[in-house]
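Here is the structure we will look at, set down as structure tokens.
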Amino acid sequence: MTLRPLTRALANAFWQRPMNSSTEIRITRLCTQRCRQCSVYERRTRPPSLSLQAFEHIASELRRYGAYIGFISGGEATLVPELPEMLVVARRTFALETTLVTGLYNTRSVIERVGRVALDLGVNIQTSLDGYGEIGDNLRGVPNFAETVLDRMALLSSLKGDSSSLLYVNIVLNALNLPQVPELVARAQDLGWKVTIGLYHSLTETTRADDELRLKPSPLLHRTLEKLAQNPNILNLPAFLEGIEPFLTSGRNPICPFVDDRFFTTRVTIMENGDVHLCWGGPIGNLFRQSLQDIFQSPAYSRRLAAYRRCSGCWTTCYTQRYLLMHPQNGHQLKQNLQKVLGLKRRS
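For any residue, its number in my numbering is found by taking its place in the sequence shown, counting from 1, and adding 165.
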């Protein structure tokens, strides 16, 4: 980290504002899939995607406030023609890491064009591999889901060369795909991709409640989590995997990253119309009308934190895992966290 981002982080700490350690910019609501767990494609904002000029405005606001880890997503980000230029801007904006989040459900030519730019820039690439066969098509709402995504993953693997980019898939555990998870992990590993594990939820503005997807504790879940915990290619913190069953049993987590460590673990999502979101609930501001500093000092932000204090909690990679990284509960967790982070640095 250079001196300027560090100075901004210290200034935000002094004024008791969030560091803004992690930012997701959703550059479009358009998507090539119709996932059961997602409703982003039902949004009706105009225009449906950020222009390069609008993206540059958001990036400028983030640089002025401080931005450290960035995710460029959608919808399907590769539907935006100016995505390659946006990745160049993003790489200059986020001080530590930038990740392109794409479903890879697009033509080979588009994925190759965007992929080459991302790999040349050292931008990480994340995709989703939630199922194969009929289950995959059902979950993602498109035909030949797994075949298409695995083909595009193989393409990117062949292009990677000595790029520093990390390639990884996210597998969201749900009641339908649980029996397939070991095979999904194996297929990703065979192509040289790492794996993160998520847990189905319907917390945020663009997630959808679906009781058929909700996981419950079971012997199969227990065995699956044990296998995942022993796999060095799984990028999740051990503490996150260990906490899945207790959370599903109780339905509660007393820790809220936005409340209990708002400086280090606040995560911001910026929508295609500039709206700024935290976790659940509507926007707390808009970056086309306000600065991020003004948003974090606004009554809307204070009211949202007050509402989160009454929340029963969640167990998500986006929010909970970030808190677990910064706040290990004991020396053993601290050692595990350090081993995971240092191991990731060595393998990337």
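The C-beta atom is built at its ideal place from N, Cα and C for all residues, glycine as well.
These numbers come from a predicted model, not from an experiment.
Terminal residues of the continuous beta strand (DSSP E) containing residue 235? Against the sequence shown, residue 235 aligns to sequence position 70. Secondary structure note for residue 235: its beta strand (DSSP E) is the uninterrupted segment 234–238.
Quick one: give me the first and last residue of the beta strand (DSSP E) that residue 354 is part of. Here residue 354 refers to the residue found at position 189 when the sequence shown is read from its first residue. Residue 354 -> not in any beta strand (DSSP E); alpha helix (DSSP H) instead, spanning 346–355.
Put residue 172 into one of helix, strand or coil per three-state DSSP. Looking up residue 172 in the sequence shown gives position 7. When secondary structure is reduced to three states using DSSP, residue 172 falls in the helix class.
Beta-carbon proximity check, residue 268 vs residue 241, cutoff 8 Å: As a first step, residue 268 is located in the sequence shown; it is residue number 103 there, counting from the start. As a first step, residue 241 is located in the sequence shown; it is residue number 76 there, counting from the start. Result yes, Cβ atoms of residue 268 and residue 241 sit closer than 8 Å.
Under DSSP, the alpha helix (DSSP H) around residue 426 begins and ends at which residues? As a working mapping, residue 426 is identified with position 261 in the sequence shown. From DSSP, residue 426 is part of no alpha helix (DSSP H); its letter is neither H nor E.
Going by CA-CA distance only, name the one from 393, 201, 437 that's closest to residue 208. Working through the sequence shown from its first residue, we reach residue 208 at position 43. Comparing Cα-Cα distances from residue 208 to each of 393, 201, 437, the minimum goes to 437.
Cβ atoms of residue 482 and residue 389: under 8 Å apart, would you say? In the sequence shown, the residue the question calls residue 389 occupies position 224. In the sequence shown, the residue the question calls residue 482 occupies position 317. No, the Cβ-Cβ distance between residue 389 and residue 482 is not below 8 Å.
Report the option in 496, 432, 424 whose CA atom is closest to the CA atom of residue 474. Locating residue 474 in the sequence shown gives position 309, counting from the first residue. The residue from 496, 432, 424 with its alpha-carbon nearest to that of residue 474 is 424.
DSSP-derived helix/strand/coil call for residue 361: To locate residue 361, count along the sequence shown from 1; it is residue 196. Reduced to three states, the DSSP call for residue 361 is strand.
Could you tell me the alpha carbon to alpha carbon distance between residue 487 and residue 285, rounded to whole angstroms? The count along the sequence shown starts at 1 and reaches residue 487 at position 322. The count along the sequence shown starts at 1 and reaches residue 285 at position 120. Between residue 487 and residue 285, the C-alpha separation is close to 28 Å.
Is residue 313 helix, strand or coil by DSSP? Locating residue 313 in the sequence shown gives position 148, counting from the first residue. DSSP places residue 313 in helix when its eight states are reduced to three.
Which complete alpha helix (DSSP H) runs does the stretch 374–425 hold, if anything under 4 residues is left out? Taken in chain order, the unbroken stretches of alpha helix (DSSP H) that lie wholly in the stretch 374–425 and span 4 residues or more are 384–394, 403–415, 422–425.
What's the C-alpha gap between residue 402 and residue 346? What you label residue 402 is simply residue 237 of the sequence shown in a count that begins at 1. What you label residue 346 is simply residue 181 of the sequence shown in a count that begins at 1. Rounded to whole angstroms, residue 402 to residue 346 spans 18 Å at the Cα level.
Report the rounded CA-to-CA distance for residue 495 versus residue 404, giving the unit in angstroms. For the purposes of this step, residue 495 is taken as residue 330 along the sequence shown, with counting starting at 1. For the purposes of this step, residue 404 is taken as residue 239 along the sequence shown, with counting starting at 1. As the crow flies, the alpha-carbon of residue 495 is around 11 Å from that of residue 404.
Counting Cβ pairs, one atom from each stretch, are 3 or more of them under 8 Å apart for the stretch 406–421 and the stretch 318–332? Taking a cut-off of 8 Å on C-beta distances, the stretch 406–421 does not touch the stretch 318–332, as fewer than three cross pairs fall below it.
Return the first residue and the last residue of the beta strand (DSSP E) that residue 190 is part of. Working through the sequence shown from its first residue, we reach residue 190 at position 25. Counting along the chain, the beta strand (DSSP E) containing residue 190 begins and ends at 187–191.
With three or more beta-carbon pairs closer than 8 Å as the criterion, would you say the stretch 376–390 touches the stretch 447–463? Result no; under three Cβ-Cβ pairs closer than 8 Å.
Taking contact to mean 3 or more Cβ pairs, one atom from each stretch, closer than 8 Å, check whether the stretch 181–189 and the stretch 294–302 are in contact. Result no; under three Cβ-Cβ pairs closer than 8 Å.
In terms of alpha-carbon separation, which member of 243, 498, 290, 229 lies closest to residue 260? On the sequence shown, residue 260 is found 95 positions in, with the first residue counted as 1. Of 243, 498, 290, 229, the residue nearest in Cα terms is 229.
Determine which residues share a DSSP beta bridge with residue 440 and list them. Stepping through the sequence shown from its first residue, residue 440 is reached at position 275. Partner(s): 451.
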